[in-house]
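Visitor:
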Amino acid sequence: MDVTFRIRRRNPDMPGQEKPYWQEFTLADVDPTDRVLEMLHRIKWEQDGSLSLRRSCAHGVCGSDAMRINGVNRLACKILVRDVGEKIQVEPILGLPVIKDLIVDMAPFFDHYKQVMPFFVNNDPLPEDGRERLQTQDDREQFDDTTKCILCACCTTSCPSFWANGHYVGPAAIVGAHRFIFDTRDQAGRERLDILSEPNGVWRCRTIFNCTPACPRDIEVTKAIGEVKLAIRKGTNVGIIQTSAIH
Amino acid sequence: MQIHKHDAIIIGAGGAGLMAALYASRGGADVAVVSKLYPTRSHTGTAQGGIGAALGNLDEDKPIYHTYDTVKGGDYLTDQHAAKILAENAVEAVIELEHMGLPFDRTSEKRISQRRFGGHTRNFGEELVRRACHAADRTGHMILQTLYQQCIKNEVNFFDEFQVVDMIVVDGTVAGVVAIELGTGEFHIFHGKASFFASGGWGRCWSVTSNAHSLTGDGAAIALRRGLPLQDMEFFQFHPTGIYRMGILITEGVRGEGGVLINSVGERFMERYAPSAKDLASRDVVSRAIYLETRAGRSIKNRGYMHLDVRPQTVNRYFAEEGRDRADFIDESTVERKLPDILDFCRTYLGVDPVEEPMPVQPTAHYAMGGIPTNIDAEVVIDAAGAVMPGAYAAGETACVSVHGANRLGTNSLVDLVVFGRRGGMKMAEYVRGADWTPLPKDAGAEIEAEFERIRKGEGKSRPGALRQLMQATMMDNVGVFRTEETLQQGISDLAELRERFYKDLQIDDKSRVFNTDLMEAWEFGCLLDLADVTARTALERKESRGAHSREDFKKRDDENWLAHSLITQQGSTSDPTYEAHFDKKVDLSLWEAEIEEGLPEEQQKFKPIERVY
Chain A
1 MDVTFRIRRR
11 NPDMPGQEKP
21 YWQEFTLADV
31 DPTDRVLEML
41 HRIKWEQDGS
51 LSLRRSCAHG
61 VCGSDAMRIN
71 GVNRLACKIL
81 VRDVGEKIQV
91 EPILGLPVIK
101 DLIVDMAPFF
111 DHYKQVMPFF
121 VNNDPLPEDG
131 RERLQTQDDR
141 EQFDDTTKCI
151 LCACCTTSCP
161 SFWANGHYVG
171 PAAIVGAHRF
181 IFDTRDQAGR
191 ERLDILSEPN
201 GVWRCRTIFN
211 CTPACPRDIE
221 VTKAIGEVKL
231 AIRKGTNVGI
241 IQTSAIH
Chain B
1 MQIHKHDAII
11 IGAGGAGLMA
21 ALYASRGGAD
31 VAVVSKLYPT
41 RSHTGTAQGG
51 IGAALGNLDE
61 DKPIYHTYDT
71 VKGGDYLTDQ
81 HAAKILAENA
91 VEAVIELEHM
101 GLPFDRTSEK
111 RISQRRFGGH
121 TRNFGEELVR
131 RACHAADRTG
141 HMILQTLYQQ
151 CIKNEVNFFD
161 EFQVVDMIVV
171 DGTVAGVVAI
181 ELGTGEFHIF
191 HGKASFFASG
201 GWGRCWSVTS
211 NAHSLTGDGA
221 AIALRRGLPL
231 QDMEFFQFHP
241 TGIYRMGILI
251 TEGVRGEGGV
261 LINSVGERFM
271 ERYAPSAKDL
281 ASRDVVSRAI
291 YLETRAGRSI
301 KNRGYMHLDV
311 RPQTVNRYFA
321 EEGRDRADFI
331 DESTVERKLP
341 DILDFCRTYL
351 GVDPVEEPMP
361 VQPTAHYAMG
371 GIPTNIDAEV
381 VIDAAGAVMP
391 GAYAAGETAC
401 VSVHGANRLG
411 TNSLVDLVVF
421 GRRGGMKMAE
431 YVRGADWTPL
441 PKDAGAEIEA
451 EFERIRKGEG
461 KSRPGALRQL
471 MQATMMDNVG
481 VFRTEETLQQ
491 GISDLAELRE
501 RFYKDLQIDD
511 KSRVFNTDLM
521 EAWEFGCLLD
531 LADVTARTAL
541 ERKESRGAHS
551 REDFKKRDDE
561 NWLAHSLITQ
571 QGSTSDPTYE
581 AHFDKKVDLS
591 LWEAEIEEGL
601 PEEQQKFKPI
611 ERVY
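Line order of the protein sequences matches chains A and B.
When we follow the numbering used here, the leftmost residue of the first sequence carries the number 1, and every step to the right adds one.
When we follow the numbering used here, the leftmost residue of the second sequence carries the number 1, and every step to the right adds one.
1) Is the beta carbon of H66 (chain B) within less than 8 Å of some heavy atom of the ligand ADP?
2) What did DSSP end up calling G371 (chain B) once you bin it into helix, strand or coil?
3) How do the segment 399-411 of chain B and the segment 232-240 of chain B stand: do at least 3 beta-carbon pairs fall below 8 Å, yes or no?
4) Take Q605 (chain B) and list the residues in its own chain whose beta-carbon comes closer than 8 Å to its own, dropping the five residues that flank it on each side.
5) Can you pull the chain A neighbours of L37 (chain B), defined as C-beta to C-beta under 9 Å?
6) Of the residues A:G85, A:F109, A:T136 and A:V169, which one's Cα is nearest the Cα of S108 (chain B)?
7) Compare the C-beta of T212 (chain A) with all C-beta atoms of chain B and state if any pair is closer than 9 Å.
8) What residues in the segment 185-207 of chain A have a beta carbon less than 8 Å from any beta carbon of chain B?
9) Whole angstroms is fine: what's the gap from A21 (chain B)'s alpha carbon to I10 (chain B)'s?
10) Grab me the residues of L600 (chain B)'s own chain with a C-beta within less than 7 Å of its C-beta, minus the 5 sequence neighbours each way, in chain order.
11) Run down chain A in chain order and give the residues with a C-beta less than 8 Å from the C-beta of Q150 (chain B).
12) Report the CB separation of R6 (chain A) from E24 (chain A) in whole angstroms; it is logged as a contact under 8 Å.
13) Between which two residues does the alpha helix (DSSP H) carrying L75 (chain A) extend?
14) Please state if the CB of Y393 (chain B) and the CB of G643 (chain B) are separated by a distance shorter than 9 Å.
15) Going straight from the alpha carbon of Q242 (chain A) to that of N123 (chain B), what length do you get?
16) Can the beta-carbon of A365 (chain B) be found less than 9 Å from the beta-carbon of V208 (chain B)?
17) Going by the DSSP bridge assignment, what does P360 (chain B) pair with across the sheet?
18) Any beta-carbon of chain A closer than 9 Å to the one on G50 (chain B)?
19) Buried or exposed: where does H167 (chain A) fall if 16 or more other Cβ atoms within 10 Å of its Cβ makes it buried?
20) Helix, strand or coil for R408 (chain B), going by three-state DSSP, please let me know.
21) In terms of alpha-carbon separation, which member of B:A320, B:P373 and B:D383 lies closest to E397 (chain B)?
22) At which residues does the alpha helix (DSSP H) containing C527 (chain B) begin and terminate?
23) Taking three-plus beta-carbon pairs below 8 Å as touching, is the segment 12-30 of chain B in contact with the segment 189-198 of chain B?
24) Looking at the C-beta of T146 (chain B), does it have a partner C-beta in chain A at a distance below 9 Å?
25) Helix, strand or coil, according to DSSP, for M142 (chain B) in the structure here?
26) Residues in its own chain within less than 7 Å of T222 (chain A) by CB, not counting five upstream and five downstream?
27) Quick one: give me the first and last residue of the beta strand (DSSP E) that T334 (chain B) is part of.
28) What residue does the beta strand (DSSP E) around I3 (chain B) start on, and which one ends it?
29) What separation, rounded to the nearest whole angstrom, lies between the Cα atoms of S197 (chain A) and W203 (chain A)?
30) Under 9 Å, Cβ to Cβ, is there at least one residue of chain B near A245 (chain A)?
31) Provide the residue span of the alpha helix (DSSP H) that contains E321 (chain B), from first to last.
32) State yes or no: is the C-beta of R217 (chain A) within less than 9 Å of the C-beta of C149 (chain A)?
33) For D160 (chain B), which three-state DSSP category applies?
34) Which residues in chain A have a C-beta closer than 9 Å to the C-beta of V466 (chain B)? List them in chain order.
35) Y68 (chain B): buried (16+ other C-beta within 10 angstroms of its C-beta) or exposed?
36) Taking 6 Å as the limit between beta carbons, can you name the residues of its chain near M475 (chain B), skipping five residues before and five after?
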């Protein structure tokens, strides 16, 4: 089949291309099971080498190639042509400054992530037997969903609250905090909840729900944010997630 | 050119680089991590099944068993002392990852859960052992995340999306590296007392690969071009189970959970090739078996792929045949819980649901056993005698210690990067405390900047993408699982033609500086081309079959003539290089030698190189 791509482009380094514009490309012999990323590569490798995008693993685990495909945030490597049809519109994710073509400045996104103490904290002495800390599989399951995050920014850049206010830490950072808040081995839950109860924390979330379907890892992002909100309201991270409900 | 000065420059932010960064900074060094990707995009994150360590949480296990499996898996080209260090350090390294917060799955005793993996056995090959510590089927993702998070906690300096393109060598010492800031196209110099290459592999030399697009072997190619030798380049692993045509990895953990490979006549063919380990024989053995079944006309639909079947009814049928305890039997929820990403890949890309249908798989180019030679402290060595290059370090896939020998065991890549990243980080911290700064040469960076200008100006007719695809095709056909003198000669001559086109007929569409991926891909193609070339050349010279290097015209392993590591160097210009390969770097056989010294009778010696049987 033939597929037509309409791609949002910009190159601040080329006269006449500083302002965003649309460009169309047509590809022949496209298989419906081809990944959109492969098609963008075909354009780049066969028609126009200047088309610029980030990509690495090409199977949905590195998080490099988040883009807006037919109006929805996707990883280009995890969406097939048959999922989006013969006319495919591709543009950069929204809410972050565009550097060139489909490449946006990810620095603000990672800065938000770093704000929520996204690292394990436990100041107790290590187990005397020199072995691992103990944890039940049920306790481990409590935060399983949020360990899947690959920091692709699909959720944050689909969030109208983030579009309206770039200081909002955004869904991805909250997911990053959730992973530690509900880990029974961690001791900094209180501090993270304090950070997230600040004006640019979880309360900017209006439960619009865009983030959940945007997640290429199928993380229930809105639910995770809800659990963090509940933990702040109850003043504790204990008893928020019912482990029995997970199985 | 902007100059940045840090004690230690780490190139690459995957598992090895981040581990080195943590340990070097804990050791007091001022560290800069320079990476062409955001750290969390690194390829460590795609590792699935587990990290091997003899914790013994579910089965009796000891590091010496892990050492034995590693040596045997490497078809006895593994340096035995290094393998011992790997297996011993693996235990504390995995425990330490848990202490850093890594969310391993748990046993009913609340300890780290472990699963079976290819070639990992108890008591020197007696039976398969549960050794691979796992976090679902995204263990590498969790390692990468955990290490990155700890680096944030320790305020490590990161230069994200800075691509290293050259190293600065002054009188046999490394004085730093040259990098391009991708966002601006500007060149930067990183002046360091030590430089640590943790820049990953080069699976993109082949057309069907599990490797990320970014795995273009930059670090190894830079070292080669600066006169350093590369070791054991003829050994490149094809993982037996990549998704048909796409090459996306399907973890060995699928077979670890009981999945089996089935040919077109419905036979579990690995029973014939590896009567004891069957589907969990080492990867080289299973990949060859798939090719041989294909040749015998038993691939599915005659298209060169096999079925990987993890449907509970299939798995349980074979479990019953083997007399396994009913408690081991699996159901759909086991598969869903233990292999969520595998199910997701198959459902997304193939429309196949592995709990209801088998998966179509074929061997996929996966892992470089060879690379920049190092000792057990990740110090780069430059000759067969093991002389160290001051200030140069390497670890992870880009390095060759050698713990993987001629064929790496599953899970040992993750073990390698945490163990040797850590040892290297510590050693480097110690080194920079005592070392002086090597002054930068006046023209540092000028040569590589000129090379990039040459590439950028390309007005020929050959796009880098097209050249790369031709290289990948010839490598797949001629320098793949099976090799002969004829195919290797063909490969070498194809590569020479591509080199000619790359240097004389290159077409670059993007003339700008900001984020010029056209330019970077072209340069990366040049790296791949050099590494493909040395792979084909060492493969041509090694006239035996060992591990992943399988010569149809020299079918047997030949310890008398070839039990040695290869070292290859490049001379002359990159547009018209010559190569020199030597096969005189001794394999460390110290564990076997100790057995002889102890007076163990031959039949009790475990580390004597013997024929490998699984």
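Even glycine gets a Cβ: it sits at the ideal position worked out from N, Cα and C.
What you are looking at is a predicted structure, and each value in this text was computed from that prediction instead of being measured.
Guide: On the basis of the coordinates in this document:
1) Among the components modelled here there is no ligand, and therefore nothing to report on the ligand ADP.
2) On the second sequence, position 371 is the one that residue 371 (chain B) refers to. In this structure, G371 (chain B) counts as strand in the three-state DSSP scheme.
3) yes
4) Position 605 of the second sequence, counting from 1, holds the residue named residue 605 (chain B). Excluding sequence neighbours, Q605 (chain B) sits near W592, E595 and I596.
5) Residue mapping note: residue 37 (chain B) aligns to position 37 of the second sequence, counting from 1. What L37 (chain B) touches in chain A: R54, S56, C62 and S64.
6) Numbered from its first residue, the second sequence carries residue 108 (chain B) at position 108. If we check each option's Cα against that of S108 (chain B), A:T136 comes out closest.
7) To locate residue 212 (chain A), count along the first sequence from 1; it is residue 212. So, not an interface residue.
8) R185 and D186
9) Locating residue 21 (chain B) in the second sequence gives position 21, where the first residue counts as 1. Locating residue 10 (chain B) in the second sequence gives position 10, where the first residue counts as 1. Answer to the nearest angstrom: the Cα atoms are 7 Å apart.
10) Taking the second sequence and counting its residues from 1, the one referred to as residue 600 (chain B) is at position 600. Same-chain partners within the cutoff: there are none.
11) On the second sequence, residue 150 (chain B) is found 150 positions in, with the first residue counted as 1. Ordered by position in chain A, the residues that pass the 8 Å Cβ test against Q150 (chain B) are F119 and F120.
12) The residue labelled residue 6 (chain A) in the question sits at position 6 within the first sequence. The residue labelled residue 24 (chain A) in the question sits at position 24 within the first sequence. The Cβ separation is near 5 Å, so the contact holds.
13) Within the first sequence, the letter at position 75 stands for residue 75 (chain A). Here L75 (chain A) belongs to no alpha helix (DSSP H); instead the beta strand (DSSP E) covers V72 to L75.
14) Any answer about residue 643 (chain B) is impossible in this case: the structure gives chain B only from 1 up to 614.
15) Within the first sequence, the letter at position 242 stands for residue 242 (chain A). Within the second sequence, the letter at position 123 stands for residue 123 (chain B). Going by the C-alpha atoms only, they are around 42 Å apart.
16) On the second sequence, residue 365 (chain B) is found 365 positions in, with the first residue counted as 1. On the second sequence, residue 208 (chain B) is found 208 positions in, with the first residue counted as 1. Yes, these two residues count as a Cβ contact at 9 Å.
17) Taking the first residue of the second sequence as position 1, residue 360 (chain B) is located at position 360. According to DSSP, which records beta bridges pairwise, P360 (chain B) is partnered with B:H307.
18) Along the second sequence, one-based indexing puts residue 50 (chain B) at 50. Output row for G50 (chain B): interface = no.
19) Looking up residue 167 (chain A) in the first sequence gives position 167. It counts as exposed.
20) For the purposes of this step, residue 408 (chain B) is taken as the residue at position 408 of the second sequence. Coil, per DSSP.
21) To locate residue 397 (chain B), count along the second sequence from 1; it is residue 397. Comparing Cα-Cα distances from E397 (chain B) to each of B:A320, B:P373 and B:D383, the minimum goes to B:P373.
22) Here residue 527 (chain B) corresponds to residue number 527 of the second sequence, with the count starting at 1. Taken as a continuous stretch (DSSP letters only), the alpha helix (DSSP H) holding C527 (chain B) covers T517 to E541.
23) yes
24) What you label residue 146 (chain B) is simply residue 146 of the second sequence in a count that begins at 1. True, the Cβ-Cβ gap to chain A drops below 9 Å.
25) Here the question's residue 142 (chain B) lines up with position 142 in the second sequence. Helix at M142 (chain B).
26) As a position in the first sequence, residue 222 (chain A) is number 222, starting the count at 1. So the qualifying residues of the chain are T207, F209, C211 and T212.
27) Locating residue 334 (chain B) in the second sequence gives position 334, counting from the first residue. Taken as a continuous stretch (DSSP letters only), T334 (chain B) belongs to no beta strand (DSSP E), being part of the alpha helix (DSSP H) at E332 to K338.
28) Here residue 3 (chain B) corresponds to residue number 3 of the second sequence, with the count starting at 1. Taken as a continuous stretch (DSSP letters only), the beta strand (DSSP E) holding I3 (chain B) covers Q2 to I11.
29) Locating residue 197 (chain A) in the first sequence gives position 197, where the first residue counts as 1. Locating residue 203 (chain A) in the first sequence gives position 203, where the first residue counts as 1. So the alpha carbons of these two residues sit roughly 7 Å apart.
30) As a working mapping, residue 245 (chain A) is identified with position 245 in the first sequence. Legend: pLDDT at A245 (chain A) = 45, less than 50; position of this residue unreliable, value from coordinates given subsequently. Output row for A245 (chain A): interface = no.
31) Position 321 of the second sequence holds residue 321 (chain B). Segment P312 to E321, the alpha helix (DSSP H) holding E321 (chain B).
32) On the first sequence, position 217 is the one that residue 217 (chain A) refers to. On the first sequence, position 149 is the one that residue 149 (chain A) refers to. In this structure, C149 (chain A) lies closer than 9 Å to R217 (chain A) by Cβ.
33) Locating residue 160 (chain B) in the second sequence gives position 160, counting from the first residue. Three-state result, D160 (chain B): strand.
34) To locate residue 466 (chain B), count along the second sequence from 1; it is residue 466. At residue 466 (chain B) the sequence reads Ala, which differs from the Val that was named. Simply W45 and E46.
35) Taking the second sequence and counting its residues from 1, the one referred to as residue 68 (chain B) is at position 68. When all chains shown are included, Y68 (chain B) counts as buried.
36) Against the second sequence, residue 475 (chain B) aligns to sequence position 475. Excluding sequence neighbours, M475 (chain B) sits near C205, W206 and A532.
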